[in-house]
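Novice: Quick note, the sequences are listed as chains A and B, same order.
So the mapping is simple: this note's numbering equals the position in the first sequence, first residue as 1, plus 727.
So the mapping is simple: this note's numbering equals the position in the second sequence, first residue as 1, plus 97.
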Amino acid sequence: MTLSSTSDKPVGVIGAGNFGTVIANILAINRPVILYARDPLVARHINEKRENRGHSIHAQVEATHDLALLARECDVIFPMVPSAHFRTMMKQLSPHLHPYHILIHGTKGFDITLPPGETLDSVPKLSRQQVKTMSEVIQEESVVVRVGCLAGPNLARELAQRQPGATVVASHFNEVIQLGKRLLRNDRFQVYENNDIVGVEIAGVLKNIIAIASGALSGLGYGENAKGLLISRGAVEMVYLGRALGGDLKAFLGVAGIGDLVTTCNSPMSRNFTVGYRLAKGEKLDDILAEMTEVAEGVTTVKIAKKCADHYKIRALITDRLYRVLFEGMTVEEALEFLMRYPLNVDIDFL
Amino acid sequence: MEILEEKKNKNRPYEPILEGIPDWPVYQLSKNRKEFVELVTQKSIERIKLLRPSRKQLIDELEATVYREQNRIKRNRWRVDPPDDSRFWSQIKNQLVELSSKNPDEIGPVEDALLEKIVHRYANEIAGNFKPTSYRFTREVVKFWFQRLLNGARVKKFGAFFRNQYTLRDKIQIVGKVKMLRSLALKGTVVMVPTHFSNLDSILIGWVIHSLGLPAFIYGAGLNLFNIKIFAYFMNSLGAYKVDRRKKNLPYLETLKMYSNLAIQKGAHSLFFPGGTRSRSGLIEKQLKLGLLSTAIEAQRNLYLDNPGGEEIRKIFVVPVTLNYNFVLEAPDLIEDYLQVKGQDKYFPEQDKYGSVQLLRFMFKFFTKGSNISVSIGPGLDVLGNYVDQEGNSLDAQGRIIDTRDYFVSNGSITEDKQREDEYTRMLSQRIVSEYHRINRVFASHLAAFVAFEMWQKKFPKLDLFSLLRLPEEELELEYAEFRKTFKRVRKKLYELKDAGKVHHATHLKGKVDHVIKLGIENVGIFHLKRPLLTNKKGNIITRDLTVLYYYHNRLVGYDLEQYV
């Protein structure tokens, strides 16, 4: 084969957040890892205390604050930074990258490019010209073409406890998929393949919308019937939106779609779920966000997905109601009432 | 009348970039034709065996090949087919049948011999026949007669026939990155990929290459063109190799790709129409055929593989070109084909209703009436679709130099990975398509056709395309004032697109709107019996052939201009 598994070149991870740290630990089982932290103090803390955000750090992980060094030492890099900072990070990394680099990201969010003077709130609609997935950002900002992504039910805390879990590595390149598998796989972590990278990315992003809604249902004190209803209708909505944005149906039915959706909707640990839960309890969005230490990607995703749905004329009821709850002062009860009264009767019409 | 008045200084001839024909890579190829065909044969056999590793698979493949070939001979015979075609394939078939009764250890050598026989025949058929003497002769003949016709028709004076007031360069404008193309052709190997609208394209491009002072390119020309004798003569002398689209069997396709691959590796500048066949709909190609395109990437990778030390190697440059016409001779037939199969997944039957006489008649019409052609040369790309500079360095979006070699590097060394290169081919094809749209040069006639057709479509919003096209032409009339307003609005949007670098337009599109409209209507599909656009006595816009208008309208589809009509 083209890649010798004996190679011991280190693998890079960019972003020392929860997920980045956990992925670095998983990768370290197979290879030495260089972990980049934006904050030099964090990098030093990791190297000295062998600990970060409550995770102990694997012996093969070395933290750094130097992107150039990371790009020089590693041919394979896993960017794990929030979508809001992704493009800025890529701009900094780009001068150090060459076409032989392989990037596999794990960021579940969209990137937005707007004309000068506009903000996400001021534009009425968004088209695919303005909304980019992270793999597209990588290709726009750098010369790297061999790009992949990680998606799936990957709650950082459970992964850190070495509970059984799975991920999808998606890429147009078999080379990247096989490499990702080899690097990530261990006896507690299953890796699946998919070549529709855009579909997988979109599925991973859109499920955050439904996760907020799921939290809201929980917050209202509703039980499993309501959740079953939400997840199944939510999946349909994801398929519609995802197709309009250029994904393939299959990605939404797999580990990165249904798999991730069910996990996040059932997980009080997830940030998006928490946002919904506290909203339903009557808290204000601004207060909730102010208290969170890490980004809840879902809040921005709702905004983006709603404006995309308007542009492509997609009926996305859950997204639309959630948008009103989050940004237009509608209460969760009102939104729910609307959805329950809506005369929708076709179950599945996309197959 | 004079249209497309361009600056006179554009008319200067280009010096040849290489002195004598013996220096040309294509000449070297043809001089050693026998050895080259042998090399192609051997390499193709290696490749086919790699794709069909077991004896059983290979025999199945050969049987399928024979079956298809015999079918082709029965159903679709062409004048260019060799006379022994039928005999050859029945021989092969007999030998294959005999094979089944042989014992296993005897099969191997016989099978190899059969494969070699087939591949060698294909390689020989594909290989071009470039001859310097006939090249020079053709070139002079073309130049001489074109010039005579042009002057005889245009300069209305006695003895004008022998004047040199007009040259082809007045008729056919070459715009775009000419200097870069000339420089890249010296630095590396150029793979030119033009859009394909008319059978005339091949000759036109041949002339363009010559008049830019470039050495002859090898062409992948459709074998059907060789049915027309006059074309066959031109093509043979210009370095064409033959692509037979009837043959879809694996040995043939691999041999064809290997031919192109090796020729590019040997430094022969190449040209093929990546759209595969002429655009049936009049749309700029959206989907390219990836087979031949992949050979450019493969050739580049092989060049790197053969020089692992990192020494300087000949880089391969892909140059998109668009051909812009006011008139496409075959338009009515093409669009009919397109409409017939639209929605159904049938293949297009290759039919050529145009023999030498029709062609000459067309050429005469073409030169006597004012219908200009422009050829836009796009910027050079490397095989991954990155822009290159004049020196041939690949550049990233920020203008930093990239090493193309790195795209083929995995874990520190250059590797061969078919799936990766398939993906690269797909990326390259997308880049070429977007480059086509960018360098496309819009004429007044394109815009007039686009606006008129879209206006009619808007007038009957309930009708789908087919019902619209069935409307009697007498019912279709556009008020001039309304047309003018819309035309002006869309033209303004087109200017904006141009400023954003998304399209080009001819200089004649600027200026008084009435004049431009007049130009457009006069020129769109100018020589068709039934004109796609005319003005009636009231000065309103009418059509005699909506279907053909649809064809010319399609040229501007893909720019999202519909919303402004």
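Positions of the beta carbon are idealized from the N, C-alpha and C atoms, including for glycine.
None of these values were measured; they are calculated from a predicted model.
With distance defined between alpha-carbon atoms, name the residue in A/R912, A/E867, A/L933, A/K859 nearest to A/R889.
Specialist: For the residues A/R912, A/E867, A/L933, A/K859, the minimum Cα distance to A/R889 belongs to A/R912.
Novice: Report the option in B/E520, B/K412, B/L159, B/E579 whose CA atom is closest to the CA atom of B/Y216.
Specialist: The sequence given here places Val at residue 216 of chain B; Tyr does not occur at that position. Of B/E520, B/K412, B/L159, B/E579, the residue nearest in Cα terms is B/L159.
Novice: Classify A/M1019 as helix, strand or coil using the three-state DSSP reduction.
Specialist: Three-state DSSP puts A/M1019 in coil, outside helix and strand.
Novice: Cβ closer than 7 Å: which chain B residues qualify as neighbours of A/D735?
Specialist: Per Cβ cutoff of 7 Å: no residues; A/D735 is ~11 Å from chain B at best.
Novice: Excluding five sequence neighbours on each side, which residues of the same chain lie with their C-beta closer than 6 Å to the C-beta of A/V769?
Specialist: Correct list, in chain order: A743.
Novice: Given a cut-off of 8 Å on the beta-carbon distance, is the pair B/S526 and B/E351 in contact?
Specialist: No.
Novice: Of all Cβ atoms in chain A, is any one closer than 8 Å to the Cβ of B/N173?
Specialist: For B/N173, the answer is no, since every Cβ of chain A falls outside 8 Å of its Cβ.
Novice: Would you mind reading off the limits of the alpha helix (DSSP H) that contains A/M1057?
Specialist: It is not in any alpha helix (DSSP H) - A/M1057 carries neither H nor E in the DSSP assignment.
Novice: Could you tell me the distance, in whole angstroms, from the CA atom of B/Y661 to the CA atom of B/L591?
Specialist: So the two alpha carbons sit approximately 10 Å from each other.
Novice: Beta strand (DSSP E) containing A/V937: first to last residue?
Specialist: Inspection of the sequence shows that residue 937 of chain A is occupied by Ile rather than by Val. No beta strand (DSSP E) contains A/I937, which is instead part of the alpha helix (DSSP H) from 924-946.
Novice: Show which residues of chain A have a CB atom less than 7 Å away from the CB atom of B/E520.
Specialist: H899, F900, listed in chain order.
Novice: Is the Cβ-Cβ distance between A/L1012 and A/L957 less than 8 Å?
Specialist: Cβ distance not < 8 Å, so A/L1012 and A/L957 don't count as in contact.
Novice: Do you know how far the Cα of B/F563 is from the Cα of A/G961?
Specialist: Taking the straight line from one Cα to the other gives about 39 Å.
Novice: Going along chain D in order, which residues have a C-beta closer than 8 Å to the C-beta of B/M524?
Specialist: Absence of chain D from the displayed structure is noted, the protein chains being A and B.
Novice: Please report the residue range of the alpha helix (DSSP H) in which A/G955 lies.
Specialist: From DSSP, the alpha helix (DSSP H) with A/G955 extends over 951-971.
Novice: Are A/I936 and A/L1049 touching if we call contact CB-CB under 8 Å?
Specialist: It is a contact, given that the beta carbons lie within the stated cut-off.
Novice: Given that A/D802 touches chain B, what residues does it touch there, using C-beta distances under 8 Å?
Specialist: The answer, in chain order, is N508, G509.
Novice: Relative to the C-alpha of A/I753, which residue among A/A897, A/R1051, A/E885 is closest?
Specialist: That would be A/E885, whose Cα lies nearest to the Cα of A/I753.
Novice: Where does B/H601 sit, in a helix, a strand or coil, going by DSSP?
Specialist: Reduced to three states, the DSSP call for B/H601 is strand.
Novice: Specify the secondary structure class of B/E237 as computed by DSSP and reduced to three states.
Specialist: In the structure shown, B/E237 sits in a helix (DSSP, three-state: H, G or I).
Novice: Grab me the residues of B/A360's own chain with a C-beta within less than 7 Å of its C-beta, minus the 5 sequence neighbours each way, in chain order.
Specialist: Result list for B/A360: L126, I315, S367, in chain order.
Novice: Rounded C-beta distance between B/F505 and B/Y422? I'm assuming under 8 Å.
Specialist: About 39 Å separates the two Cβ atoms, so there is no contact after all.
Novice: Curious, which full-length beta strand (DSSP E) runs of at least 3 residues does the stretch 316-396 of chain B contain?
Specialist: Complete beta strand (DSSP E) runs here, min 3: 337-340, 367-369.
Novice: Do B/F584 and B/L544 have their C-beta atoms closer together than 8 Å?
Specialist: Yes, the pair counts as a contact, with Cβ atoms nearer than the cut-off.
Novice: Would you identify the three-state DSSP class for B/D442, choosing helix, strand or coil?
Specialist: For B/D442, the predicted structure reports a pLDDT of 43, less than 50, and the residue's modelled location is therefore unreliable. The matter cannot be settled from this model.
Novice: Alpha carbon to alpha carbon, how far is B/K153 from B/G598? Give it in angstroms, no decimals.
Specialist: Going by the C-alpha atoms only, they are around 55 Å apart.
Novice: What in chain A is Cβ-close to B/Y504, meaning under 8 Å?
Specialist: P826, Y827, V872, listed in chain order.
Novice: Between B/L420 and B/A494, what straight-line distance do the alpha-carbon atoms span, to the nearest angstrom?
Specialist: Distance between the alpha carbons of B/L420 and B/A494: 27 Å.
Novice: Could you check whether the stretch 784-801 of chain A touches the stretch 819-832 of chain A, counting it as contact only if at least three pairs of C-beta atoms, one from each stretch, sit closer than 8 Å?
Specialist: Short answer: they touch.
Novice: Assuming A/T1027 is part of the alpha helix (DSSP H), what are its boundary residues?
Specialist: Its alpha helix (DSSP H) spans residues 1024-1039.
Novice: Kindly list, in the order they appear in chain A, the residues whose Cβ is closer than 8 Å to that of B/R517.
Specialist: By Cβ distance, chain A contributes R873, F900, N901, E902.
Novice: Pair every Cβ in the stretch 512-526 of chain B with every Cβ in the stretch 560-574 of chain B, then say whether three or more of these pairs are closer than 8 Å.
Specialist: Too few Cβ pairs lie closer than 8 Å, so no.
Novice: Start and end of the alpha helix (DSSP H) containing A/R771?
Specialist: Per DSSP, A/R771 belongs to the alpha helix (DSSP H) from 767-776.
Novice: Taking all protein chains shown into account, do 16 or more other C-beta atoms lie within 10 angstroms of the C-beta of A/K1040, making it buried, or fewer, making it exposed?
Specialist: It is exposed - the Cβ of A/K1040 has fewer than 16 other Cβ atoms within 10 Å.
Novice: Is it right to say B/K515 is buried, meaning 16 or more other beta carbons lie within 10 angstroms of its own, or is it exposed?
Specialist: Per the 10 Å Cβ criterion, exposed.
Novice: Around the C-beta of A/E775, are 16 or more other C-beta atoms found within 10 angstroms, so that it is buried, or is it exposed?
Specialist: A/E775 is exposed by the Cβ-count criterion.
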